[in-house]
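Chains as they are written, first to last, in the working numbering: chain A, 1072 to 1316; chain B, 1072 to 1316.
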């Protein structure tokens, strides 16, 4: 690998910018492709460039053939992050599901009795107020947040902080009635309906979830849908996992 | 607890029959309520009987008040079981999600190189043929099965065995094309469209899942939906987890 490419990859990693490194496995030639830099990689064959952009969008490295040559498309993506406000019952399975799905997880709960290391072994915990933690965190398109406390004093400041950011998913636990009151408070504080429309509430896909683990599954399914599909609401629930055969 | 009630509870446990034990916390009086025995528990106040049946359906013990008295409704349910045919990439996160959601999991794969203890620590593994394992297992309304190998020699006999049973969920990995061929083979072998209509294929809720962990989430969400909701297909994807506040 040439020095300038290595330097760029390191810079991209530090600035959390997704990049695809396209390597011709025959000649060893390498090119970088970015989703947010349309001109980049234009010396590549059109079909190969398109496949590199797909790999970037899918967040998945792959080997492809083009015009008799073989290319390794290696995707380097910043980590996925999930902030969970509230160290409640649902939080315990949700942390484990999210870890398995590749998320770095931070649990924030200013109530020290809830967020302690015994209940959440090995999890990054904070007893600060969520708006303090979130205010100094990177809230980008690889970040999701859920608020689970039902307590406006804790959930609302967190929501107000993340509504100003680019996070790809915001979800809040609470019935339709609770969520309606929450929206009214946010509108009083100057947020538009377009802004608050980003909040998934009541949280989670409608799969009839009852136990904390099932609610955690419905939340992870909704986060996945928000990350992978264009429409944030309204999956039709029919199967889609075709696999390769 | 009176001897006859204890005997019944033990019999119910052995025969895997769900039962709710309703105890008057004042008088100590106890009554058993069954979902599949409409006449049972009719000496209870109507509202209390209804709450006991809801607790049974929700598989969740609870304390309720009725007419100034307090009752403990204790639900005894047989374990939830998940059989996974195929020790593939998706199987690893799926096993962990299912354990967290309270399922006993068995992974079946006659290909010994796939199903080994190193890849699945602490999981019940079988290298027998799935129809042999399933044929001698209890396949009841608390049992789900997924087939993930894409290999008709392995998946089909498993499906033929479970289609004759009461399992609450059957799902098969594979594209629409693969699934169409699978259905054609099953119909050739004498299964009706009504029978094969129970198979969720392509497997999983349509949440755009790509990685093995995401596909496992979509499968667990679909299993939860099948267990908890009347309609096996077609959740509308809107939020539902209201919580209590």
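Just so it is clear, CB atoms sit at the ideal spot from N, CA and C, and this is done for glycine as well. On a predicted model such as this, the values are computed, not experimentally measured, just so you know.
- No Cβ of chain B is located within less than 9 Å of the beta carbon of residue 1108(A).
- Rounded to whole angstroms, the Cβ separation of residue 1128(A) and residue 1144(A) is 12 Å, and the two are not in contact under 8 Å.
- With respect to chain B, the C-beta atom of residue 1171(A) has a partner C-beta closer than 9 Å.
- Within 10 angstroms of the beta-carbon of residue 1273(A) lie 16 or more other beta-carbons, which makes it buried.
- When C-beta atoms of the stretch 1106-1121 of chain A are compared with those of the stretch 1087-1097 of chain A, three or more pairs fall below 8 Å, so the two segments count as touching.
- Not flagged as an interface residue toward chain A: residue 1140(B), since no C-beta distance is shorter than 9 Å.
- At least one C-beta of chain B is nearer than 9 Å to the C-beta of residue 1279(A).
- Using a Cβ-Cβ cut-off of 8 Å, residue 1285(A) is close to 1172, 1295, 1299 of chain B, given in chain order.
- Taking 9 Å as the threshold, the shortest C-beta distance from residue 1168(B) to chain A falls below it.
- Identification of chain B residues near residue 1131(A) by a Cβ-Cβ cut-off of 8 Å yields 1281, 1282, ordered along the chain.
- In the displayed model, residue 1267(B) falls within a helix according to three-state DSSP.
- By the criterion of a C-beta distance shorter than 6 Å, residue 1197(A) is surrounded in its chain by 1179, 1204, once the five residues flanking it on both sides are discounted.
- Within its own chain, the residues whose Cβ lies closer than 8 Å to the Cβ of residue 1076(B), once the five positions on either side in sequence are excluded, are 1092, 1101, 1103, listed in chain order.
- In this structure, DSSP gives residue 1082(B) a helical state, which the three-state scheme calls helix.
- Contact check for residue 1299(A) against residue 1285(B) passes: the beta carbons are separated by less than 9 Å.
- For residue 1171(B) against residue 1167(A), the beta-carbon gap comes to about 6 Å, under 8 Å, which counts as contact.
- Cβ contact annotation for residue 1278(B) (same chain, cutoff 6 Å, sequence separation greater than five): 1289, in chain order.
- When DSSP states are grouped into helix, strand and coil, residue 1238(A) belongs to the coil group.
- Within the stretch 1077-1093 of chain A, no residue places its CB atom closer than 7 Å to a CB of chain B.
- Annotated three-state conformation of residue 1161(B) is coil, per DSSP.
- Each residue's CA atom was taken as its position, placing residue 1121(B) and residue 1135(B) some 11 Å apart.
- Distances from the CA of residue 1146(B) to each of 1156(B), 1130(B), 1161(B), 1137(B) were compared; the closest alpha carbon is that of 1130(B).
- The secondary-structure analysis by DSSP pairs residue 1140(A) across a beta bridge with 1137(A).
- In the DSSP secondary-structure assignment, residue 1103(A) is bridged to 1092(A).
- Nearest in C-alpha terms to residue 1184(B), of all of 1173(B), 1193(B), 1223(B), 1199(B), is 1199(B).
- 9 Å or more divides the Cβ of residue 1186(A) from the Cβ of residue 1176(A).
- Positions of the beta strand (DSSP E) runs, each at least 3 residues long and wholly inside the stretch 1164-1200 of chain B, are given as 1174-1179, 1195-1197 in order along the chain.
- At a cut-off of 9 Å between beta-carbon atoms, residue 1289(B) makes contact with chain A.
- Here DSSP, grouped into helix, strand and coil, assigns residue 1121(B) to helix.
- For residue 1214(B), the pairing in a beta bridge is given by DSSP as 1152(B).
- Taking a Cβ-Cβ threshold of 7 Å, the residues of chain A close to residue 1292(B) are 1276, 1278, 1288, 1289, 1292, in chain order.
- Residue 1260(B) and residue 1159(B) have their C-alpha atoms spaced approximately 27 Å apart.
- Within the DSSP bridge table, the entry for residue 1145(B) names 1092(B) as partners.
- DSSP, reduced to helix, strand and coil, places residue 1278(A) outside both helices and strands of the structure shown, so it counts as coil.
- Listed along chain A are 1171, each with a C-beta nearer than 7 Å to that of residue 1164(B).
- Within 10 angstroms of the beta-carbon of residue 1291(A) lie 16 or more other beta-carbons, which makes it buried.
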